[in-house]
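Q: Please read through the structure below; I'll follow up with questions.
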Amino acid sequence: MQARTDAVTAAMDDIRKIEVDLGVTREGVQAIRDRLVKLSSHRELFPSADFPAPGSDDEQSSFLYRLAQDSDDRFALYAQSSRGQVETPVHNHTTWAVVVGFDGHEHNRFFERTADGVNQVDDHMVEAGTGVAMLPDDLHSIHIDGPALNFHCYGLALERLDGREYYNATEDTWKIFKGISGIREGRTDLQSC
Ligand SMILES: [Fe+2]
């Protein structure tokens with residue numbers, strides 16, 4: 073547990089420095105992604121037993137475990153553990169965002185805004201050893217089918233992202249995500265207190 077705390081702390085220290093050195097730029101978020109890929113290569117630090125996915129009785133199909141977050145809510149890292157199908161609408165984040173794979177597959181699709189909605193411009197299958205990096209206005213959607221564990225990192229904690237837009241394809245309109253709740257504590261240094 074201490075080894076995980078130390079590895080996560082070292083990664084987040086580097087990520088803070090990357091943001092200072094490179095800013096919130098394409099180069100900067102890609103460097104953050106690469107640092108998190110390096111963290112995720114320490115496979116022994118993240119046993120699946122520590123991040124159980126929801127059971128069949130749970131309403132949710134995925135749980136978020138908080139692994140890091142500064143006292144001012146910046147630099148938040150989560151492990152997302154999912155059991156089955158997870159689909160998100162197209163959305164932005166209003167802060168930089170990085171997804172890195174660990175177990176399973178998370179299909180990320182990328183979009184641009186158009187006059188009448190969104191248009192897919194790219195996609196990437198996030199799996200162990202790979203990741204994607206987004207600037208605050210970048211648009212993506214997530215598609216998971218099957219058990220998966222992935223790392224999600226944001227410039228600001230998810231509970232603070234109260235202006236994230238998503239595209240409601242049924243109503244053909246942009247809406248604001250409701251606040252996220254139910255994040256589980258995954259910081260080993262806090263669990264032991
Ligand atoms: Fe996202």
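Yeah, the sequence shown ends on 265 if you go by the working numbering, and it's all consecutive.
Glycine is no exception: its CB is placed at the ideal position from the N, C-alpha and C atoms.
Note that the coordinates shown come from a computational prediction; the quantities given were computed from them, not determined experimentally.
Identify whether L136 lies in helix, strand or coil by the three-state DSSP scheme.
A: DSSP places L136 in strand when its eight states are reduced to three.
Q: Is the closest heavy atom of ligand 1 to the C-beta of A151 under 7 Å?
A: no
Q: Answer yes or no: do L149 and F223 have a C-beta to C-beta separation smaller than 8 Å?
A: yes
Q: Between A92 and D129, what straight-line distance do the alpha-carbon atoms span, to the nearest angstrom?
A: A small correction: the amino acid at residue 92 is Val; Ala does not occupy that position in the sequence shown. Taking the straight line from one Cα to the other gives about 44 Å.
Q: May I have the straight-line CA-CA distance separating H212 from D78, to the nearest angstrom?
A: 31 Å
Q: Go ahead and label Q141 buried or exposed: buried means 16 or more other beta carbons lie within 10 angstroms of its beta carbon, across all protein chains shown.
A: So Q141 counts as buried.
Q: Specify which residues have a beta carbon nearer than 7 Å to any heavy atom of ligand 1, listing them in chain order.
A: T160, H163, H165, A169, H212 and I214
Q: Would you say S112 and F174 are within 8 Å of each other, going by their C-beta atoms?
A: yes
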